[in-house]
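Okay, structure first, notes after.
Residue numbers (our numbering): 915 to 1058.
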């Protein structure tokens, strides 16, 4: 794929069937190393109010996939579309709001395996399916 991931923590917004993914780390090269930098601003690290981190503004309308290798035999994932890149002073600096491809309430109700999952730009489900088939591990869509 050649693109970095974005580690994040979730907050659910049932009113828009979306999940807000946020963390104080983000790459300005989320679309790949040979692409223009995404817009960003330098901010303090939220929980310390010292040090700096880029607040990256990822593009609305872009597809996104979040996945997590939960053990040696299983990857869980969900997909959606970025509908916002909130610019608010509270909370972690880099944020994206993703309208999920399914029921966000079901996703949250069945949420497992904690925080710090990895999100990449694009729908990479076909890549995940190929990898899991070759590695002989199970791929689980959390929205199915």
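Note that the Cβ used here is the ideal one computed from N, Cα and C, for glycine as well.
Review point. Do residue 1029 and residue 923 have their CB atoms nearer than 7 angstroms?
Key: yes
Review point. If we call anything under 7 angstroms between Cβ atoms a contact, is residue 946 one with residue 917?
Key: yes
Point to revise | Given 8 angstroms, three or more beta-carbon pairs between the stretch 1008-1027 and the stretch 1045-1058 | key: yes
**Study point:** Residue burial classification, residue 949 (beta-carbon count within 10 angstroms, cutoff 16)
**Key:** exposed
Practice item. To the nearest angstrom, report how far apart residue 983 and residue 990 are at their CA atoms. Key: 7 angstroms
**Study point:** For residue 959 and residue 1037, the rounded distance between their alpha carbons
**Key:** 30 angstroms
Check your understanding: residue 968 bridges to which residues according to DSSP?
Key -> 956
Review point. Is residue 1047 buried or exposed, if buried means 16 or more other CB atoms sit within 10 Å of its CB?
Key: exposed
Review point. Apart from the five residues on each side of it in sequence, which residues of its chain come closer than 8 angstroms, Cβ to Cβ, to residue 1052?
Key: 987, 988, 989 and 1046
Point to revise | Residues that DSSP places opposite residue 932 in a beta bridge | key: 927 and 1013
Check your understanding: Going by beta carbon distance, what residues of the same chain come within less than 8 angstroms of residue 974, once the five residues before and after it are set aside?
Key -> 996, 997, 998 and 999
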